Amino acid sequence: MDTKRVEIKDRMHPKEEELLEAARILREGGLVAFPTETVYGLGGNALDESAARKIYGAKGRPSDNPLIVHISCIDELPPLVKEIPTAGRILAETYWPGPLTLVFPKSDLVPESTTGGLDTVAVRMPDDPIASQLIHLSRVPVAAPSANTSGRPSPTTADHVWQDMNGKIEMVVDGGQVGIGVESTIVDVSGPVPVILRPGAVTQEMLDELLGKVLIDPAILGPMEKGVRPKAPGMKYKHYAPKADLALFEVKEETIKQLYTPGSRLYSLISSQMISDGRNWNLKPETFYMAWKVNEAAMEMEKAGAKIGVICTDETMDLYTVSLKRSIGKRASEASVAHNLYGVLREFDDLGSDYIYSESFSQTHLGGAIMNRLSKAAGYRILRV
Ligand code: TXA
Ligand code: MG
Numbered sequence: 002m003d004t005k006r007v008e009i010k011d012r013m014h015p016k017e018e019e020l021l022e023a024a025r026i027l028r029e030g031g032l033v034a035f036p037t038e039t040v041y042g043l044g045g046n047a048l049d050e051s052a053a054r055k056i057y058g059a060k061g062r063p064s065d066n067p068l069i070v071h072i073s074c075i076d077e078l079p080p081l082v083k084e085i086p087t088a089g090r091i092l093a094e095t096y097w098p099g100p101l102t103l104v105f106p107k108s109d110l111v112p113e114s115t116t117g118g119l120d121t122v123a124v125r126m127p128d129d130p131i132a133s134q135l136i137h138l139s140r141v142p143v144a145a146p147s148a149n150t151s152g153r154p155s156p157t158t159a160d161h162v163w164q165d166m167n168g169k170i171e172m173v174v175d176g177g178q179v180g181i182g183v184e185s186t187i188v189d190v191s192g193p194v195p196v197i198l199r200p201g202a203v204t205q206e207m208l209d210e211l212l213g214k215v216l217i218d219p220a221i222l223g224p225m226e227k228g229v230r231p232k233a234p235g236m237k238y239k240h241y242a243p244k245a246d247l248a249l250f251e252v253k254e255e256t257i258k259q260l261y262t263p264g265s266r267l268y269s270l271i272s273s274q275m276i277s278d279g280r281n282w283n284l285k286p287e288t289f290y291m292a293w294k295v296n297e298a299a300m301e302m303e304k305a306g307a308k309i310g311v312i313c314t315d316e317t318m319d320l321y322t323v324s325l326k327r328s329i330g331k332r333a334s335e336a337s338v339a340h341n342l343y344g345v346l347r348e349f350d351d352l353g354s355d356y357i358y359s360e361s362f363s364q365t366h367l368g369g370a371i372m373n374r375l376s377k378a379a380g381y382r383i384l385r386v
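Going letter by letter, the sequence shown gives residues 2 to 386 in this note's numbering.
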């Protein structure tokens with residue numbers, strides 16, 4: 002199949018005529034990849050069973066993994082769901098349009114091919130002018146998983162989509178690089194207590210503040226134990242794993258304590274390291290220590306002849322002497338790290354490294370989503386230093 006690529010001139014103000022053909026393709030059962038504020042989606046008519054089958058085919062994704070249904074205004078929600086529980090109403094009023102997906106009991110209108118056989122449906126109203134206008138013009142709810150081949154990092158640029166989908170779908174709408182860079186937060190509001198199924202830019206702290214305590218699905222926190230079923234079926238599949246062996250470095254509580262205890266061995270070591278080259282590093286001692294340990298381990302591998310790359314940050318970049326390093330963003334801005342995360346992982350895949358060592362990030366706020374994606378990519382291999 003010939004895949005058309007349509008470039009949107011002004012991504013904040015797409016013109017109707019730029020999206021009419023894409024909307025027609027969706028309405029007629031074809032597939033169109035388009036940008037959202039989180040990642041690129043691979044869209045098809047959510048009410049058309051054959052469109053859902055085509056999506057699974059193009060992604061190479063198991064068909065029991067349900068799809069998120071995208072809408073452009075709140076009036077499009079009631080026909081898709083059996084009821085709107087109070088927590089769902091509050092969340093939708095507060096965070097829609099935006100990077101939040103809500104799981105509701107589904108209505109009979111939504112085919113089981115879209116929900117992977119579940120009696121619930123995941124719905125999201127994106128806050129992206131292209132996505133929003135395209136869904137509106139198509140006049141159908143749009144099922145859209147991330148537009149990557151199953152097992153690859155989610156696409157954050159039209160070029161990423163092109164690498165995975167060229168020849169497999171009717172059209173790619175090119176709106177440049179997306180803003181957020183990690184997939185939406187998923188909250189299940191179909192039960193008595195809201196449960197976070199996937200962390201994202203609407204953070205746990207934001208949800209707790211709005212609703213009181215929310216629960217967290219254990220699949221988010223670590224590897225699933227055998228026999229336990231994650232609530233978001235997508236969590237059970239082998240997730241994106243880089244071609245290289247990826248390991249995350251994390252600083253132990255015990256180490257941090259020492260780093261702040263004057264007179265301790267680590268305190269003296271790191272203070273002298275931090276001032277020895279006369280530079281004002283402006284880093285927390287634990288960050289300096291982590292980067293120092295990552296570099297030490299990476300240099301050892303490099304000397305042994307391994308092709309190793311390091312994922313670092315703007316602030317720590319200069320500290321590294323290893324030959325292959327990429328900054329994932331600024332430590333001072335978690336948003337910049339989320340924004341670059343999948344692009345950096347794709348770049349390392351293209352470079353063909355055998356090993357990747359990465360710095361880790363805090364688990365709070367957007368860091369929760371960043372660490373969830375990085376830990377999964379690393380197969381939960383976390384080296385505590
Ligand atoms: O940001 C996003 O959500 C992007 C953009 C394109 O909107 N979409 C996305 O879709 O990340 P996808 O298919 O890559 O991830 C959907 C996740 C899967 O883990 C799936 O299992 C879960 O949502 N999911 C979908 N429907 C569900 C349901 N009814 N109950 C529980 N989990 C569901
Ligand atoms: Mg995905």
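Glycine is no exception: its CB is placed at the ideal position from the N, C-alpha and C atoms. For clarity, every value in this text was computed on a predicted model and none was experimentally measured.
Three-state secondary structure assigned by DSSP to residue i
i: A144; result: strand
i: V40; result: coil
i: V124; result: strand
i: I257; result: helix
i: S217; result: A small correction: the amino acid at residue 217 is Ile; Ser does not occupy that position in the sequence shown. Three-state DSSP puts I217 in a strand.
i: V194; result: coil
i: H161; result: helix
i: M166; result: helix
i: M225; result: coil
i: I271; result: helix
i: R266; result: helix
i: I276; result: helix
i: L320; result: helix
i: P156; result: coil
i: P231; result: coil
According to DSSP, residues forming a beta bridge with residue i
i: P79; result: Beta-bridge pairing links P79 to no other residue.
i: R385; result: E251
i: R199; result: I187
i: E360; result: F250
i: D175; result: E8
i: G45; result: A144
Residue span of the beta strand (DSSP E) that contains residue i, given as start and end
i: K5; result: 5-8
i: L346; result: No beta strand (DSSP E) contains L346, which is instead part of the alpha helix (DSSP H) from 335-352.
i: P106; result: 101-106
i: K326; result: 325-328
i: V70; result: 69-71
Residue span of the alpha helix (DSSP H) that contains residue i, given as start and end
i: L212; result: 205-212
i: K60; result: 50-60
i: E301; result: 286-304
i: H137; result: 130-139
i: T34; result: Checking the displayed sequence, the identity of residue 34 turns out to be Ala instead of Thr. No alpha helix (DSSP H) holds A34; the beta strand (DSSP E) holding it covers 33-35.
i: I312; result: Taken as a continuous stretch (DSSP letters only), I312 belongs to no alpha helix (DSSP H), being part of the beta strand (DSSP E) at 309-313.
i: E19; result: 17-28
i: A93; result: 87-96
i: S376; result: 367-378
i: T115; result: 113-116
i: M13; result: No alpha helix (DSSP H) holds M13; DSSP gives it neither H nor E.
Top-ranked residue by Cα proximity to residue i, from the options
i: Y290; options: M302, G310, K304, Y261; result: Y261
i: T115; options: Q164, I56, E226; result: I56
i: W97; options: S185, V196, S272; result: S185
i: G99; options: C74, K107, L110; result: C74
i: G1; options: T39, P15, R12, E94; result: Residue 1 lies beyond the range of the chain shown here (2 to 386); nothing can be said about it.
i: S64; options: A24, L32, T288, L119; result: L119
i: Q364; options: E251, K326, N283, L325; result: E251
i: P142; options: M275, G213, V82; result: V82
i: M13; options: P193, P36, A333; result: P36
i: P112; options: P127, E84, I69; result: I69
i: E316; options: A307, L20, K304, R332; result: R332
i: A47; options: A23, I72, D11, G61; result: I72
Min CB distance residue i to chain C below 8 Å
i: Y41; result: No chain C is part of this structure, which consists of one protein chain only.
Contact belief for residue i with residue j at Cβ below 8 Å, rounded distance in angstroms
i: S147; j: Y268; result: Going by Cβ atoms, the distance from S147 to Y268 rounds to 45 Å, so no, they are not a contact pair.
i: T150; j: A123; result: 21 Å between Cβ atoms; not a contact.
i: A370; j: A242; result: That pair is no contact at about 18 Å.
i: G168; j: M302; result: That belief does not hold up - the Cβ atoms of G168 and M302 are roughly 38 Å apart, past 8 Å.
i: V173; j: W163; result: 6 Å
i: A233; j: L198; result: 4 Å
i: S376; j: L249; result: 7 Å
i: A292; j: C313; result: 6 Å
i: L32; j: A59; result: 6 Å
i: T121; j: S191; result: 5 Å
i: I136; j: P15; result: 12 Å between Cβ atoms; not a contact.
i: R327; j: E348; result: 6 Å
i: S359; j: L247; result: 6 Å
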